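Have a look at the structure below before the remarks.
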Amino acid sequence: MKDQTTIEFVHNEFDWKNFLHNNHFKTDLTLFHKELDDRKEDLSELRWLLLEIRRVLELYRGAFPHGQFERELRAAFTRQADVLEKQVAGYETKLEECDLNAYLAVKYEIRTLFKQLGAIVAGSDWQSPCKRLKNPPPDVPEEAGFAQEEQGTYMRSYGSETVKEYEEASLAAFYSLSADIRKQSVGFLTTSGMKALELALIAYKTFTRETLPFYYQKGFYCEGVDLAKTLMITPLELDPAEIYMEVEANKPIGCLLVDPGMCWPVRPAVDLARLFEGLSCHKQSQPLYVIVDRTLTSVANPLFERYADRLPPHVVLISVESGIKYMQYGLELANVGYLVAVGRTLRSESHREKWVALLSLLDAGADPLTVRQLPAPDLKRLTARLSRLNRNAYWMDAFLSHMAREGKVAAFYRSVEPSSQYDLNGRNWIGSVFYIQLPGHRSEQEYQAWIDDFVVSSPEEVHFVSGGSFGFDTFRMNAVGDVSGKENALRVSVGRDPLGQLLLKLKYMYSYVQP
Numbered sequence: 033m034k035d036q037t038t039i040e041f042v043h044n045e046f047d048w049k050n051f052l053h054n055n056h057f058k059t060d061l062t063l064f065h066k067e068l069d070d071r072k073e074d075l076s077e078l079r080w081l082l083l084e085i086r087r088v089l090e091l092y093r094g095a096f097p098h099g100q101f102e103r104e105l106r107a108a109f110t111r112q113a114d115v116l117e118k119q120v121a122g123y124e125t126k127l128e129e130c131d132l133n134a135y136l137a138v139k140y141e142i143r144t145l146f147k148q149l150g151a152i153v154a155g156s157d158w159q160s161p162c163k164r165l166k167n168p169p170p171d172v173p174e175e176a177g178f179a180q181e182e183q184g185t186y187m188r189s190y191g192s193e194t195v196k197e198y199e200e201a202s203l204a205a206f207y208s209l210s211a212d213i214r215k216q217s218v219g220f221l222t223t224s225g226m227k228a229l230e231l232a233l234i235a236y237k238t239f240t241r242e243t244l245p246f247y248y249q250k251g252f253y254c255e256g257v258d259l260a261k262t263l264m265i266t267p268l269e270l271d272p273a274e275i276y277m278e279v280e281a282n283k284p285i286g287c288l289l290v291d292p293g294m295c296w297p298v299r300p301a302v303d304l305a306r307l308f309e310g311l312s313c314h315k316q317s318q319p320l321y322v323i324v325d326r327t328l329t330s331v332a333n334p335l336f337e338r339y340a341d342r343l344p345p346h347v348v349l350i351s352v353e354s355g356i357k358y359m360q361y362g363l364e365l366a367n368v369g370y371l372v373a374v375g376r377t378l379r380s381e382s383h384r385e386k387w388v389a390l391l392s393l394l395d396a397g398a399d400p401l402t403v404r405q406l407p408a409p410d411l412k413r414l415t416a417r418l419s420r421l422n423r424n425a426y427w428m429d430a431f432l433s434h435m436a437r438e439g440k441v442a443a444f445y446r447s448v449e450p451s452s453q454y455d456l457n458g459r460n461w462i463g464s465v466f467y468i469q470l471p472g473h474r475s476e477q478e479y480q481a482w483i484d485d486f487v488v489s490s491p492e493e494v495h496f497v498s499g500g501s502f503g504f505d506t507f508r509m510n511a512v513g514d515v516s517g518k519e520n521a522l523r524v525s526v527g528r529d530p531l532g533q534l535l536l537k538l539k540y541m542y543s544y545v546q547p
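Residue numbers (the working numbering): 33 to 547.
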């Protein structure tokens, strides 16, 4: 007979009551081995990030080959990378010492190197580098940066080859564009996710003169709605069911602004499969722009691979996405966004040039200084990291279900509902974000005070963090509310904790929350 204090580690079969109330519980070897596997995976990520640092160091060496000061500085950076590699090697032989705290200590040092090296390599760039019409002697200064590849251009006017190369790598890694679809697309790295949305909205307004109705999804995040209301003449709010009706009835539509994820306050998400099934039969002579914010569903949502081939000639599909959340390996290095647009009209080079002109006019393109601070786009690495967040999210979901049964949580909501449309390594992606309402009515300020008190009371090494945004390595919490002040909640973004540490973290949270 199995010992009743032995815990099975499957999230949907887990004995939460025994785990949370029995201080003498025993775990089977499954958790022990899973914890070690998680730590090996953590160290593998650190190894890869250090290889990226070596790549940037090699770029730095080529950029500053002669100066004594630069050589000494490069040597200092190299020594720091050596120190960090030695730490990683040590943890690889002593996995029991590589807990989340140790992992983050090394990772944050690597983050500092990315920031510093990127700034130095691109820091000498001129914003409007002149043409090099002849090779000057060594003692004649040039109006060009040490690592600057551009000449005779203006950075604000989409002039950086560094940025363009990173864009191409990002499109190849994260957006699954076939060769044919790539010929009818544009893709840009922007200064933020909001800037990507602004570019998409102004492109629609500029290219169509906004002659047909503009609809935004009820529940779309409030800043995006505010932006649409600022830029559009008469934007109209529809819930997803009403959007499907307009599309399936073949009504004239100028633009749809939708999100398959859920922000606060939670409203039904758009079902992309149903939407694009309707769009595949939609007919009109004027363009129809469909803007999808992919931030919450990220690379688990292969928009273009799934729907681009089915688009009617008049439909332009645009993906906008914040790049600082799920796309930077938990490092929060730089505020960037992604915009990718696909449609038959984009087969025309002159039309693609109009997009570039808008990008330049809005000063929406990312700066080379930003790009130099980012690791290379790598889908395998990103997927591995997001799979960890997703695994932890399923455990959080099961934990919150138990809390709700006990009355410690009044209600909770995911940011992405499980669906085969959003798959990551064979598991439905539900995102790292949850919205939690505690018993009793609380204002947004009261939720934030609760969070701050909770974080202050918790041990520092557990890494509960009071802060906004999501998708990072730590367990982040902040208060959210609506315009009326009546719908408020605690927003949680789970981190990448190894499983055993995650469970202990949830146990601490359970002990703090009062029914």
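Glycine included, each C-beta is placed from N, C-alpha and C at the ideal position. Since this is a predicted model, take the numbers as computed values, not measurements.
Three-state secondary structure (DSSP) of residue i
{"i": "Leu209", "result": "coil"}
{"i": "Ile350", "result": "strand"}
{"i": "Gly286", "result": "coil"}
{"i": "Thr38", "result": "Low local confidence applies: a pLDDT of 45 at Thr38 is under 50, so the model's placement there is unreliable, with the coordinate-based value given in what follows. Three-state DSSP puts Thr38 in a strand."}
{"i": "Val497", "result": "strand"}
{"i": "Tyr454", "result": "coil"}
{"i": "Thr262", "result": "helix"}
{"i": "Met33", "result": "Any answer about Met33 is weak, because its pLDDT of 34 lies below 50 and its placement is not dependable; what the coordinates show is given next. It is coil, neither helix nor strand."}
{"i": "Glu129", "result": "helix"}
{"i": "Asn54", "result": "coil"}
{"i": "Ser433", "result": "helix"}
{"i": "Arg474", "result": "coil"}
{"i": "Tyr544", "result": "helix"}
{"i": "Thr327", "result": "coil"}
{"i": "Ala113", "result": "helix"}
{"i": "Tyr339", "result": "helix"}
{"i": "Leu89", "result": "helix"}
{"i": "Pro425", "result": "It should be noted that the sequence gives Ala, not Pro, for residue 425. Note: Ala425 maps to helix in three-state DSSP."}
{"i": "Thr402", "result": "helix"}
{"i": "Ala281", "result": "coil"}
{"i": "Asp171", "result": "coil"}
DSSP beta-bridge partners of residue i
{"i": "Gln469", "result": "Ala443"}
{"i": "Glu269", "result": "Tyr248"}
{"i": "Arg217", "result": "First, the amino acid is wrong: residue 217 is Ser here, not Arg. Answer is Val374, bridged to Ser217."}
{"i": "Asn520", "result": "Gly513"}
{"i": "Val322", "result": "Leu288 and Leu349"}
{"i": "Thr222", "result": "Gly369 and Gly397"}
{"i": "Phe507", "result": "Phe496"}
{"i": "Ser525", "result": "Val465 and Arg508"}
{"i": "Asn460", "result": "Asp455"}
Closest by C-alpha distance to residue i, when choosing among the options
{"i": "Asp114", "options": "Leu78, Gln100 and Leu91", "result": "Leu78"}
{"i": "Cys162", "options": "Pro170, Glu174, Gly184 and Ala154", "result": "Gly184"}
{"i": "Gln469", "options": "Gly527, Val298 and Leu307", "result": "Val298"}
{"i": "Gly293", "options": "Val331, Lys283 and Ile285", "result": "Val331"}
{"i": "Glu174", "options": "Tyr190, His65 and Asp157", "result": "Asp157"}
{"i": "Arg71", "options": "Leu81, His434, Val42 and Val120", "result": "Val120"}
{"i": "Asp271", "options": "Asp303, Leu263 and Asn282", "result": "Asp303"}
{"i": "Pro245", "options": "Ile285, Glu255, Leu105 and Glu274", "result": "Ile285"}
{"i": "Ile323", "options": "Ala95, Ala228, Pro530 and Glu73", "result": "Ala228"}
{"i": "Ala366", "options": "Ser351, Asp399 and Gln100", "result": "Asp399"}
{"i": "Leu418", "options": "Phe431, Phe504 and Glu381", "result": "Phe504"}
{"i": "Leu401", "options": "Leu61, Ile152, Thr62 and Met541", "result": "Ile152"}
{"i": "Gly517", "options": "Lys539, Gln477 and Ser498", "result": "Gln477"}
{"i": "Glu278", "options": "Met264, Tyr247 and Asp291", "result": "Tyr247"}
{"i": "Val488", "options": "Pro471, Ala273 and Met509", "result": "Met509"}
{"i": "Tyr321", "options": "Glu337, Pro345, Val172 and Arg111", "result": "Pro345"}
{"i": "Gly94", "options": "Gln180, Tyr198, Glu493 and Arg111", "result": "Gln180"}
{"i": "Pro319", "options": "Arg326, Lys166, Tyr542 and Lys283", "result": "Lys283"}
{"i": "Phe46", "options": "Val545, Ser543, Met541 and Leu535", "result": "Leu535"}
{"i": "Val515", "options": "Ser189, Gly532, Gly251 and Ser464", "result": "Gly251"}
CB contact below 9 Å: residue i versus chain D
{"i": "Val487", "result": "Reference to chain D is not applicable here, since this structure consists of a single protein chain."}
Assumed close pair residue i, residue j - CB separation to whole angstroms, cut-off 8 Å
{"i": "Trp296", "j": "Arg474", "result": "Wrong, their Cβ atoms sit about 14 Å apart, outside the cutoff."}
{"i": "Asn460", "j": "Ser452", "result": "7 Å"}
{"i": "Ala551", "j": "Glu73", "result": "Because the chain is modelled from 33 through 547, residue 551 falls outside the range shown and cannot be assessed."}
{"i": "Glu230", "j": "Ala396", "result": "7 Å"}
{"i": "Pro547", "j": "Gly472", "result": "Wrong, their Cβ atoms sit about 10 Å apart, outside the cutoff."}
{"i": "Phe96", "j": "Glu90", "result": "With a Cβ gap of about 12 Å, Phe96 and Glu90 do not count as contacting."}
{"i": "Leu63", "j": "Lys539", "result": "So it is not a contact: roughly 13 Å between Cβ atoms."}
Pair every Cβ in the region 359-366 with every Cβ in the region 377-391, then say whether three or more of these pairs are closer than 8 Å. no
May I ask you to verify whether the region 421-437 touches the region 219-231, counting CB pairs closer than 8 Å and requiring at least 3? no
Touching by the beta-carbon criterion (3+ pairs, under 8 Å), the region 307-315 and the region 469-483: no
Would you call the region 368-388 and the region 123-141 in contact, with 3 or more CB pairs under 8 Å? no
Could you check whether the region 74-93 touches the region 132-142, counting it as contact only if at least three pairs of C-beta atoms, one from each stretch, sit closer than 8 Å? yes
Taking 8 Å as the threshold, find out whether the region 403-419 comes into contact with the region 251-261 through three or more Cβ pairs. no
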